[in-house]
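Numbered per our numbering, the sequence shown spans residues 16 to 213. From the three backbone atoms N, C-alpha and C, an ideal C-beta is built for every residue, glycine too.
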Amino acid sequence: MKLLDARRDLYRRMAHQEGYRSRAAYKLKELNLSYRIIGPGFYVLDLGCSPGGWTQVAIELSGNRGKVMGVDRSFVEEIPNAHVLRGDIEDESVVEQIFEFFGTKVNAVICDLSPQVTGTWSVDHARQISLNYSASKIMDHVLARRGNALFKVFDGEYSNEFRDYLKKKFVKVQLKKPKASRKTSSELYHICLGYLGS
Ligand SMILES: C[S@@+](CC[C@H](N)C(=O)[O-])C[C@H]1O[C@@H](n2cnc3c(N)ncnc32)[C@H](O)[C@@H]1O
Numbered sequence: 016m017k018l019l020d021a022r023r024d025l026y027r028r029m030a031h032q033e034g035y036r037s038r039a040a041y042k043l044k045e046l047n048l049s050y051r052i053i054g055p056g057f058y059v060l061d062l063g064c065s066p067g068g069w070t071q072v073a074i075e076l077s078g079n080r081g082k083v084m085g086v087d088r089s090f091v092e093e094i095p096n097a098h099v100l101r102g103d104i105e106d107e108s109v110v111e112q113i114f115e116f117f118g119t120k121v122n123a124v125i126c127d128l129s130p131q132v133t134g135t136w137s138v139d140h141a142r143q144i145s146l147n148y149s150a151s152k153i154m155d156h157v158l159a160r161r162g163n164a165l166f167k168v169f170d171g172e173y174s175n176e177f178r179d180y181l182k183k184k185f186v187k188v189q190l191k192k193p194k195a196s197r198k199t200s201s202e203l204y205h206i207c208l209g210y211l212g213s
């Protein structure tokens, strides 16, 4: 077994043993340790949340005083202490339902959106970036000033343009690849701190 495969199995095994619904949970944990995207008491919106690993971690990080909502177009099994909305983030009417749940703006928006991949890289990349623009439109409605965000990107032709777009909205934008992310995968994470407001 290659070292890479072994590591991948390690995160999958850990997720199974520790009760996380996805190995992606460890990506958020690691990034949050370095950047404190989510802190205690935070209201957190998780866009593209299925099966729910990030949502579970967001619940832990935000604690008793926090509030967490996940949105996905796919079915998500109930997650204790979180509200899950089945909906399409490209449909801006979800904003209303987000406000209905939180009753105010949120402190963090986390986006791990992936399109249904076609296998044609240019198409998948463009589609994933397009989902991120849709998510950032929602973010502009719901994120409080000085709030934080996290966006996964399939790295490619349009990544720099998206990063520049984010840089105009936040005090600091940092690009990272967490250890739990496969080296062979093109995914990178934009950590966005200190929202300047819409
Ligand atoms: C990689 S998964 C998220 C994994 C999740 N962060 C976790 O830890 O369990 C990406 C998700 O994006 C969702 N997604 C893609 N396009 C969407 C859209 N337009 N609206 C809502 N969800 C979408 C997919 O259904 C999929 O569940």
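Residue i burial status per 10 Å Cβ neighbour count (16 or more: buried)
{"i": "residue 70", "result": "buried"}
{"i": "residue 165", "result": "buried"}
{"i": "residue 91", "result": "buried"}
{"i": "residue 31", "result": "exposed"}
{"i": "residue 151", "result": "buried"}
{"i": "residue 60", "result": "buried"}
{"i": "residue 47", "result": "buried"}
8 Å Cβ cutoff met for residue i and residue j
{"i": "residue 76", "j": "residue 126", "result": "no"}
{"i": "residue 204", "j": "residue 191", "result": "yes"}
{"i": "residue 184", "j": "residue 128", "result": "no"}
{"i": "residue 50", "j": "residue 81", "result": "no"}
{"i": "residue 169", "j": "residue 143", "result": "yes"}
{"i": "residue 68", "j": "residue 37", "result": "yes"}
{"i": "residue 102", "j": "residue 78", "result": "no"}
{"i": "residue 149", "j": "residue 105", "result": "yes"}
Close Cβ partners of residue i (< 7 Å) along its chain, the five nearest in sequence each way excluded
{"i": "residue 16", "result": "Low confidence applies to residue 16: its pLDDT is 48, below 50, so where it sits in the model is not reliable enough to give any reading."}
{"i": "residue 194", "result": "45"}
{"i": "residue 72", "result": "40, 43 and 44"}
{"i": "residue 110", "result": "153, 156 and 157"}
Sequence-distant residues of its chain with Cβ nearer than 6 Å to residue i (five each side left out)
{"i": "residue 100", "result": "86 and 112"}
{"i": "residue 116", "result": "84 and 98"}
{"i": "residue 140", "result": "169 and 171"}
{"i": "residue 213", "result": "155"}
Reference residue i, options the options, closest by Cα
{"i": "residue 163", "options": "169, 182 and 134", "result": "182"}
{"i": "residue 123", "options": "74, 25 and 140", "result": "74"}
{"i": "residue 147", "options": "173, 161, 135 and 119", "result": "173"}
{"i": "residue 202", "options": "171, 210 and 34", "result": "171"}
{"i": "residue 157", "options": "199, 108, 29 and 130", "result": "108"}
{"i": "residue 7", "options": "94, 178, 53 and 187", "result": "Here the chain comprises residues numbered 16 to 213, so residue 7 is not present and cannot be evaluated."}
{"i": "residue 120", "options": "197, 161 and 149", "result": "161"}
{"i": "residue 114", "options": "134, 153 and 33", "result": "153"}
{"i": "residue 27", "options": "206, 196 and 208", "result": "196"}
{"i": "residue 130", "options": "64, 53 and 208", "result": "64"}
{"i": "residue 94", "options": "34, 207 and 208", "result": "34"}
{"i": "residue 186", "options": "199, 208 and 24", "result": "208"}
Paired residues, beta bridge with residue i - DSSP
{"i": "residue 163", "result": "123"}
{"i": "residue 72", "result": "None, per the DSSP bridge assignment."}
{"i": "residue 207", "result": "164 and 188"}
{"i": "residue 182", "result": "Residue 182 pairs with nothing; no bridge assigned."}
{"i": "residue 154", "result": "Paired residue(s): none; residue 154 is not in a bridge."}
Any chain B beta carbon closer than 8 Å to residue i
{"i": "residue 41", "result": "No chain B appears in the structure shown, which is made up of a single protein chain."}
Proximal residues to residue i (C-beta, below 8 Å), its chain only, five neighbours per side dropped
{"i": "residue 66", "result": "36, 37, 91 and 92"}
{"i": "residue 54", "result": "76, 77 and 122"}
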